[in-house]
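Line by line, the protein sequences give chains A and B.
Counting along the first sequence from 1, when you hit position 234 you're at 234 in this note's numbering, and nothing is skipped either side.
Counting along the second sequence from 1, when you hit position 309 you're at 309 in this note's numbering, and nothing is skipped either side.
Please read the structure below before turning to the comments.
Protein chains: 2
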Amino acid sequence: MTEVSEPSNRGADTETGIANTTAIQRIGAAEPLLVDLRPAGEVIPGLAEGDLLHAGPPLSGWTEACGALRGSIAGALVHWGNARDVAEAEALASSDDFRLLSANDHHALGTYAGVISRRTPVLVVENRAAGNQAFAALNEGRGKALRYGSNDAGTLARLAWLEGEFAEILGTAVRLSEGIDVFDILVQALHMGDDGHSRQKAASALFANEISSWVVEAGFGTKETARTLRFLADNEIFFLPLTMAAAKSAMESAEGIAGSTVVTCMAANGLRFGIKVSGLPGHWSTAPVPFIHGQYFRDYGPDDSSPVIGDSEIAETMGVGAFAMSGAPALARYVGGTPEEATRLSLEMYAISVAEHPRFKIPALSYRGTPLGIDARRVVEQGIEPVFNTGIAHRTPGIGQIGAGFGRAPLTCCSEALNAMQRRMHS
Amino acid sequence: MTEVSEPSNRGADTETGIANTTAIQRIGAAEPLLVDLRPAGEVIPGLAEGDLLHAGPPLSGWTEACGALRGSIAGALVHWGNARDVAEAEALASSDDFRLLSANDHHALGTYAGVISRRTPVLVVENRAAGNQAFAALNEGRGKALRYGSNDAGTLARLAWLEGEFAEILGTAVRLSEGIDVFDILVQALHMGDDGHSRQKAASALFANEISSWVVEAGFGTKETARTLRFLADNEIFFLPLTMAAAKSAMESAEGIAGSTVVTCMAANGLRFGIKVSGLPGHWSTAPVPFIHGQYFRDYGPDDSSPVIGDSEIAETMGVGAFAMSGAPALARYVGGTPEEATRLSLEMYAISVAEHPRFKIPALSYRGTPLGIDARRVVEQGIEPVFNTGIAHRTPGIGQIGAGFGRAPLTCCSEALNAMQRRMHS
Chain A
1 MTEVSEPSNR GADTETGIAN TTAIQRIGAA EPLLVDLRPA GEVIPGLAEG
51 DLLHAGPPLS GWTEACGALR GSIAGALVHW GNARDVAEAE ALASSDDFRL
101 LSANDHHALG TYAGVISRRT PVLVVENRAA GNQAFAALNE GRGKALRYGS
151 NDAGTLARLA WLEGEFAEIL GTAVRLSEGI DVFDILVQAL HMGDDGHSRQ
201 KAASALFANE ISSWVVEAGF GTKETARTLR FLADNEIFFL PLTMAAAKSA
251 MESAEGIAGS TVVTCMAANG LRFGIKVSGL PGHWSTAPVP FIHGQYFRDY
301 GPDDSSPVIG DSEIAETMGV GAFAMSGAPA LARYVGGTPE EATRLSLEMY
351 AISVAEHPRF KIPALSYRGT PLGIDARRVV EQGIEPVFNT GIAHRTPGIG
401 QIGAGFGRAP LTCCSEALNA MQRRMHS
Chain B
1 MTEVSEPSNR GADTETGIAN TTAIQRIGAA EPLLVDLRPA GEVIPGLAEG
51 DLLHAGPPLS GWTEACGALR GSIAGALVHW GNARDVAEAE ALASSDDFRL
101 LSANDHHALG TYAGVISRRT PVLVVENRAA GNQAFAALNE GRGKALRYGS
151 NDAGTLARLA WLEGEFAEIL GTAVRLSEGI DVFDILVQAL HMGDDGHSRQ
201 KAASALFANE ISSWVVEAGF GTKETARTLR FLADNEIFFL PLTMAAAKSA
251 MESAEGIAGS TVVTCMAANG LRFGIKVSGL PGHWSTAPVP FIHGQYFRDY
301 GPDDSSPVIG DSEIAETMGV GAFAMSGAPA LARYVGGTPE EATRLSLEMY
351 AISVAEHPRF KIPALSYRGT PLGIDARRVV EQGIEPVFNT GIAHRTPGIG
401 QIGAGFGRAP LTCCSEALNA MQRRMHS
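Next comes the structure, spelled out in structure tokens:
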């Protein structure tokens with residue numbers, strides 16, 4: 001291990017150093033519990049009729065939406081009964097009836113191109129340490145999924161069941177459980193080959209185990225109960241939105257600390273990549289979306305791929321995902337690399353981080369904590385861009401996922417954020 | 001990696017080489033399915049009233065039984081209603097009413113000091129490739145368990161529920177499922193930090209997931225169903241006897257190949273360690289039990305430990321367990337080592353193996369197959385003893401598990417086996 005792979009809080013006694021210490025303490029102390037599953041309109045403050053929450057920094061409107069996002073929105077409007085078919089839905093989506101808003105600005109997250117309206121059932125995660133909440137939609141499983149822009153009849157039929165029967169049963173089970181500790185599961189999953197982002201196989205299995213007895217006690221029919229458990233057992237990525245909402249609740253608890261250069265959010269909207277830093281709450285620093293190094297499913301390649309979109313990079317922002325790939329050798333192949341490369345990428349991230357995570361540990365690194373608290377200053381100084389994992393959708397609406405890979409958050413986002421902090425201090 | 005860490009089939013064209021190729025092909029081709037859960041008397045051929053199947057090579061009788069085995073047998077006799085208390089049970093156990101027999105000689109396995117009688121519900125695993133069956137008792141969970149010699153009221157109450165309500169529900173679920181593919185789960189678990197022996201956390205979670213919908217469809221009451229699922233979700237070692245029975249079914253399919261020096265069984269009875277090789281079906285080669293390098297629970301140490309006992313070394317015999325520790329970094333600490341040491345031990349095993357397993361792969365070693373087919377000749381030539389993982393019980397009956405560790409199968413077992421083969425060829 002080289003010198004640059006050690007985390008450090010540069011100038012720990014300065015205002016920024018003290019602020020960054022506060023930030024990482026809050027992130028490390030977060031205790032997110034899954035406490036409910038409710039229509040977003042009932043739980044997300046200020047979400048109005050016609051509002052559509054999407055991933056990444058704000059878009060100006062439909063004309064800026066990438067293919068996968070258009071496919072997802074059109075499918076959602078058919079799913080909600082706003083339109084009879086995809087063509088009608090696309091016309092409607094571009095009308096004044098609907099408004100695109102950044103999910104991240106509403107304590108919520110869009111998984112890849114998925115959108116949230118008032119009708120969408122969302123997982124409610126509460127950070128017991130800070131008292132704040134964050135929200136994400138249910139995961140539909142791999143393959144043809146609305147969040148990747150798929151919107152054919154099969155996709156919408158599964159979604160109707162997921163947001164209907166399944167959500168009703170799971171919601172009842174979650175309320176009976178009095179809260180599922182998301183980080184308790186994530187801590188274990190990082191010892192079981194998950195990165196906590198693109199690989200959620202262990203966490204999804206542990207969650208399905210933990211909730212299964214409550215699903216039974218929810219008291220629905222045998223068929224419905226068995227169907228619910230089978231979906232949970234078969235969906236290896238189910239835990240992703242739980243990780244995301246939990247990470248969001250942890251990262252938001254570290255927002256708004258004056259002088260802190262810790263990155264609290266990284267996300268993409270299919271056009272721009274954006275970050276937020278703690279000392280500039282509400283301010284997005286953006287740059288054009290970066291290239292994704294991908295592993296494509298049969299028959300597809302880079303030319304087919306959508307520009308990157310999604311809020312799931314909140315995982316890396318909190319120190320898991322690509323930051324924890326040294327514990328996830330089986331993921332390397334899925335995102336197009338080797339275990340050695342994945343470990344090297346992960347280790348590099350210590351060089352831009354303030355500390356090591358107190359709870360997320362990697363057994364293969366002799367229980368070293370994952371890199372915690374990306375310092376925008378160190379990104380710029382070291383010239384090392386934060387790495388993140390991601391799925392890849394087809395660029396054409398309606399097709400769905402075609403691969404998975406990893407990318408780098410543009411360095412210019414961090415330099416823009418530092419400049420904006422400078423301007424604000426001197427204005 | 002040094003030269004000795006490459007597997008090889010020495011003299012592949014000789015009678016022994018050809019026989020060893022046949023052996024590893026049968027082991028690699030095994031397709032074990034969990035198909036049933038029944039009282040042993042209904043499924044284990046020739047098991048008579050009063051027969052007690054124990055781990056390892058045969059014991060001459062009660063006087064040879066170690067403390068943990070005595071505790072287990074006494075507890076079992078109370079559990080079955082043969083005796084009113086442990087004292088009465090010990091007297092009874094040494095009488096002519098009961099007969100100690102090696103489980104391995106009856107297609108069955110004893111987990112640590114656990115015993116099987118006609119009344120014990122056993123997991124029935126069928127190797128679809130070869131058509132043979134193998135059997136193991138249910139796992140009670142960690143801590144106070146009869147298989148570690150515990151026999152207090154709490155241990156026996158849990159056992160009564162496990163072999164009563166739980167076994168009835170799980171058995172119904174297994175039959176409804178039409179078979180659970182044990183190796184399909186094990187293959188995945190080796191990518192998720194399990195070694196396939198002492199760490200069964202991923203496999204147990206995946207199994208609980210897969211069976212959960214069948215448990216619901218079994219149609220028992222809400223309370224009983226929820227209790228069954230909760231036990232499965234909480235028992236991180238539940239999958240161990242499934243692995244053992246599956247491995248046994250694979251290894252027995254490779255028994256009796258004339259001239260083969262592949263080890264088909266390794267097991268300990270608390271006094272002697274024994275192996276079988278393919279070319280000598282039914283013949284045990286034994287030596288005094290080896291020392292166990294252990295990690296002890298608080299308040300305990302090596303002086304308290306039972307001499308090693310158990311049939312779970314069938315896992316290593318098939319190429320998992322300590323042979324796959326390079327993929328299980330979180331296990332290293334539990335058995336008293338570091339991830340680096342565990343990897344080194346695992347890699348050493350290639351030097352005494354015929355080949356690499358076609359299905360059991362280690363992502364961290366770039367998907368290298370685990371060491372498959374211990375060649376008794378290579379053990380002797382290289383002077384490298386097969387390593388195995390194990391739990392550790394207290395030497396005094398009634399106390400239970402006090403740690404976990406690893407040991408080495410005595411080299412003299414292998415040299416005795418080779419000598420016996422020579423004798424048989426020249427007789």
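Where is the CB? At the ideal position from N, CA and C, for every residue including glycine.
Residue pairing by DSSP places Ile362/B opposite Arg368/B in a beta bridge.
Nearest in C-alpha terms to Phe238/A, of all of Ser249/A, Ala202/A, Glu252/A and Gly259/A, is Ala202/A. Under the three-state reduction of DSSP output, Cys66/A falls in the coil class, being neither helix nor strand. No Cβ of chain A is located within less than 8 Å of the beta carbon of Ser177/B. Going by DSSP, Tyr296/B is part of the beta strand (DSSP E) stretching over His293 to Tyr296. Rounded to whole angstroms, the gap between the alpha carbons of Tyr148/A and Asp304/A is 13 Å. Setting aside the 5 residues that flank it on each side, Asn9/B is surrounded in the same chain by Gly17, Asn20, Thr21, Val354 and Ala355, each with a C-beta closer than 7 Å to its C-beta; the list follows chain order.
Contact holds between the segment 185-204 of chain B and the segment 322-332 of chain B, because three or more Cβ pairs, one in each stretch, are under 8 Å apart. By the rule that beta-carbons nearer than 8 Å mark a contact, Leu33/A does not touch chain B. With a threshold of 8 Å between beta carbons, Asn209/A makes contact with chain B. Counted as a single uninterrupted DSSP element, the alpha helix (DSSP H) harbouring Thr21/B occupies residues Glu15 to Ala29. For Phe323/A, same chain residues with a beta-carbon under 7 Å away, outside a window of 5 residues either side, are Glu316, Ser346, Met349, Thr370 and Pro371 in chain order. Here Gln188/B carries a helix assignment [DSSP, helix/strand/coil]. Non-local beta-carbon contacts of Ala74/A in its own chain, meaning distances under 7 Å to residues more than five positions away in sequence, involve Val86, Ala89, Glu90, Ala93, Asn151 and Pro397 in chain order.
Counting only Cβ-Cβ distances below 7 Å, Gly219/A has contacts in chain B at Thr222, in chain order.
Between the alpha carbons of Thr264/B and Trp80/B lies a gap of roughly 33 Å.
Residues of the same chain with a CB within less than 6 Å of the CB of Cys414/B, apart from the 5 flanking positions on each side, are Ala376, Val379 and Val380 in chain order. Cβ-Cβ separation between Gly321/A and Asn389/A: approximately 5 Å, consistent with a contact (criterion under 8 Å).
Around the beta carbon of Gly154/B, a 10 Å sphere encloses fewer than 16 other beta carbons of the protein chains shown; the residue is thus reported as exposed. When the five nearest sequence neighbours on each side are left out, the beta carbons in the same chain lying within less than 6 Å of the beta carbon of Ile257/B are those of Ala19, Thr22, Ala23 and Ser278, in order along the chain. In the DSSP assignment, Thr155/B falls within the alpha helix (DSSP H) that extends over Ala153 to Trp161. Close partners of Val216/B in chain A (Cβ separation under 7 Å): Val216, Thr222, Thr225, Ala226 and Leu229. Judged by DSSP secondary structure, Arg99/A falls within the beta strand (DSSP E) whose first and last residues are Arg99 to Ser102. Chain B places a beta carbon closer than 8 Å to that of Pro363/A, counting this residue as a contact. The closest CA to that of Ser306/A, considering only Ala393/A, Thr286/A and Gly141/A, is found on Ala393/A. If you draw a straight line from the Cα of Val182/A to the Cα of Gln133/B, it is about 41 Å long. Listed as beta-bridge partners of Gln401/B by DSSP are Ala393/B. As the crow flies, the alpha-carbon of Leu37/A is around 17 Å from that of Ser213/A. Counting along the chain, Asp51/A sits inside the beta strand (DSSP E) bounded by residues Asp51 to His54. Cβ-Cβ distances below 6 Å link Lys361/B to Tyr367 and Gly369 in the same chain, with the five nearest sequence neighbours on each side left out; the list follows chain order. Membership of Gln200/A in any alpha helix (DSSP H) is not indicated, and neither H nor E is assigned to it by DSSP. Bridge pairing for Phe166/B: absent [DSSP]. In terms of CA proximity to Glu168/B, Ala218/B leads the group Ala218/B, Gly310/B and Ile275/B. Nearest to Ala245/B by alpha-carbon distance, out of Gly50/B, Arg26/B, Ala136/B and Asn419/B, is Ala136/B. Neighbours of Ser346/B in chain A, taken as residues whose beta carbon is under 8 Å from its own, are absent, since the nearest beta carbon is some 13 Å off.
A residue is called buried when at least 16 other Cβ atoms come within 10 angstroms of its Cβ; Asn269/A meets this threshold and is buried.
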